[in-house]
Amino acid sequence: MWDAASSLVSLEDAVENIESYLLSKDVIWARSGRPSLSLGLISLDLRWLPRTLDAGDQARLNAVEARLTAVRDKWRVAWERKATAELRSRLNLWRGFLGDLERRPGLATSYPQEVRNRAMGVDLLDSAGNQPELIPLSASLDAIDASFKDRFSPGAFVWEKVPESAFPAEQFWFLYGRPRSRN
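Going by this note's numbering, the sequence shown wraps up at 173, each residue one higher than the last.
Below, the structure is given as structure tokens:
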């Protein structure tokens, strides 16, 4: 999940397919034999990868970022709509996980994987621009966060092999601790 070399290759592959993806109806583009493609997955990799690469690989990442910026500028509305649709999807997955966790506290062991949906929401919210759907989505996210904070225990960063500095605690508070069960 957090392998720099394979994540960089995945990003390079993603950039080759990003325009087709943006114009597709798929929110998350499942691809046979290759990692799925989504704006949330791209943004997550772009957050942590720069802190792990050597100069040669950083140049490759810079080329990916330049291409993504050009595509985003060219297809801004499609990009924002795709980000909004993915935000809605990730929010539903996160809400579902928290509901399941409420009923089955043993699911807390899968928190490091499931919290990826919430982490992607940070950048997806920014990528969505001024889409009208953002107001209710943002309000829903705020309500979910407020409820979750009541059963969250602050603590250590949940992801191994990922630089914490890529995910500032103020913005990504949910990555610094674990859910506690209600008793």
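For every residue, glycine included, the Cβ atom is placed at its ideal position computed from N, Cα and C.
Assuming VAL148 and PRO102 are in contact, meaning their beta carbons sit under 8 Å apart, how far apart are those beta carbons, in whole angstroms? 5 Å
Look at the alpha carbon of ASP(-7) and the alpha carbon of ALA109, and state the distance between them as a whole number of angstroms. 18 Å
So, using beta-carbon positions, are LEU114 and GLY30 closer together than 8 Å? yes
Close beta carbons around GLU154, own chain, < 7 Å, minus the five adjacent residues each side: PHE147
Endpoints, alpha helix (DSSP H) assigned at ARG57: 45 to 64
Measure the Cβ-Cβ separation of LEU1 and VAL54 and say whether it is below 8 Å. yes
Between which two residues does the alpha helix (DSSP H) carrying SER(-4) extend? -6 to 13
How long is the line joining the alpha carbons of GLU70 and LEU124, rounded to whole angstroms? 10 Å
Mind checking which residues open and close the beta strand (DSSP E) that includes PHE147? 142 to 147
Kindly list the residues whose CB is nearer than 6 Å to the CB of GLU104, restricted to its own chain and excluding five residues on each side of it in sequence; keep chain order. PHE87
Is DSSP giving ALA136 helix, strand or coil here? helix
Leaving aside the five residues before and after ASN7 along the sequence, list all residues of the same chain whose C-beta is less than 7 Å from its C-beta, in chain order. LEU27
Thinking C-beta only, is LEU(-2) closer than 8 Å to ARG50? yes
Environment of ASP116 [buried if 16+ CB atoms lie within 10 Å]: exposed
Taking the Cβ atom as the reference point for each residue, do PHE142 and GLY167 lie within a distance shorter than 8 Å? yes
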